[in-house]
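**Q**
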Amino acid sequence: MPQNHLYILTGASRGMGLAMAQQLLRSGNTLICIARSANDDLTAEARAAGVAIEQWQQDLSQGEQAAHKLQAWLQAQGPQAFASATLINNAGMIPRIAPLSASDAEDLATALRVGLEAPMQLTAAFLGATDTWTVPRKVLNISSGLGRRAMASQAAYCAAKAGMDHFTRCVALDEALKPHGAKVCSLAPGVIDTDMQVQLRGADPAAFPDRQNFANLKTGGQLTSPADAATRVLAWLERADFGTNPVADVREA
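End of the sequence shown = 241 in our numbering, gap-free, step of one.
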């Protein structure tokens, strides 16, 4: 049996995605990173650790391109190539913060393509290409509390994450019917000190009523570092009961 574990990670060039990629640079892992830009430091760290890594530069607003490439790559590897295979859909984006009535149609489309359409396309490609594999397979979708709680001026982001939660529930039902079905989970990672938080704190208060709440999280020291958040998320991925609840939160017991 192969001893190599495959991880496919989107949005790996910065923030929690980069932190997860760095923590996955362990002996016995193969890492495929999909993001708009490559991270040269990550390549150097992988080389130093002796870990196989590929960085695919792909705009996930064109998720079908990434999905086709992933499907072809997995089919070329074959069912005996890895001891396990995991897809982590981490990439997401917040369009310009504004009420829906003041939102741009193109911005909305891009946010939904990156945050919902691409994860669905990549999950379909991953599960389809590995459907005959008998090794453990997992899909971890990085969701948000805003997929479960509405917020003004955040319609696109909230909708994308709510859609992610619900499509994960559907996929869990699909996979439960198969003899070697994948385990899937849409996981909220908590509130993390990333560029997205800077964007929220810097929004126009007139357009974003919750701006001060996000500023208070920063000043109150309530934001988790990307590295700590990555550690908690990857620990959840390794839980024996991963996928038992297809929609979860790292702050749960």
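All C-beta atoms in this analysis are idealised placements derived from N, C-alpha and C, irrespective of residue type, glycine included.
Have a look at Leu115 and Thr122 and give me their C-alpha separation to the nearest angstrom.
**A** Cα to Cα, the separation comes out at about 12 Å.
**Q** Restricting to Cα atoms, I'd like to know which of Cys173, Ala194, Leu188 is closest to Val179.
**A** Selected option, being the one with the closest Cα: Leu188.
**Q** Given this structure, state the Cα-to-Cα distance separating Ile76 from Trp44, to the nearest angstrom.
**A** Going by the C-alpha atoms only, they are around 14 Å apart.
**Q** When we look at the beta-carbon of Gln46 and count the other beta-carbons within 10 Å, is it buried (16 or more) or exposed?
**A** Flag for Gln46 reads buried.
**Q** Starting from the Cα of Pro234, find the closest Cα among Asp192, Gly(-1), Ser174 and give me that residue.
**A** Comparing Cα positions, the closest option is Ser174.
**Q** In chain order, what residues of the same chain have a beta carbon less than 6 Å from the beta carbon of Val159, not counting five sequence neighbours either side?
**A** Result list for Val159: Val172, in chain order.
**Q** Determine the extent of the beta strand (DSSP E) in which Asn204 is found, giving its start and end residues.
**A** Note, Asn204: premise wrong, no beta strand (DSSP E); alpha helix (DSSP H) at 199 to 207.
**Q** Is any heavy atom of the ligand ZN found at a distance shorter than 8 Å from the C-beta of Ala223?
**A** The ligand ZN is not part of this structure, which contains no ligands at all.
**Q** Taking CB distances under 9 Å as the criterion, tell me whether Tyr145 reaches chain B.
**A** Absent here is chain B; the protein component of the structure consists of one chain.
**Q** Give the DSSP-derived three-state secondary structure of Leu19 in the structure shown.
**A** Leu19: strand per DSSP, three-state reduction.
**Q** Could you name the residues of the same chain whose beta carbon sits closer than 7 Å to that of Glu33, not counting the 5 residues immediately before and after it, in chain order?
**A** Within the same chain, Glu33 has close Cβ partners Gln10, Leu13.
**Q** According to DSSP, what are the bridge partners of Glu226?
**A** Partner(s): none; Glu226 has no beta bridge.
**Q** Nearest CA to the CA of Ala71: which residue from Ala90, Thr118, Asp181?
**A** Ranking the options by Cα distance to Ala71, first place goes to Thr118.
**Q** Would Leu110 and Thr(-2) be called neighbours here (beta carbons separated by less than 9 Å)?
**A** Yes, the Cβ-Cβ distance between Leu110 and Thr(-2) is below 9 Å.
**Q** By alpha-carbon positions, which one of Ala86, Gly16, Asn27, Gly51 ends up nearest to Ala194?
**A** Ala194 has its Cα closest to that of Ala86, out of Ala86, Gly16, Asn27, Gly51.
**Q** Compare the Cα-Cα distances from Gly80 to each of Asp162, Leu165, Ala150, Ala203 and report the closest residue.
**A** The residue with the shortest Cα to Cα distance from Gly80 is Ala150.
**Q** Label Pro214 either buried or exposed according to how many other C-beta atoms from any shown protein chain fall within 10 Å of its C-beta, with 16 as the threshold for buried.
**A** Per the 10 Å Cβ criterion, buried.
**Q** Hey, how far is the Cα of Ser91 from the Cα of Ser15?
**A** One C-alpha to the other measures close to 46 Å.
**Q** For Arg125, which beta-bridge partners are listed by DSSP?
**A** Answer is Ala73, bridged to Arg125.
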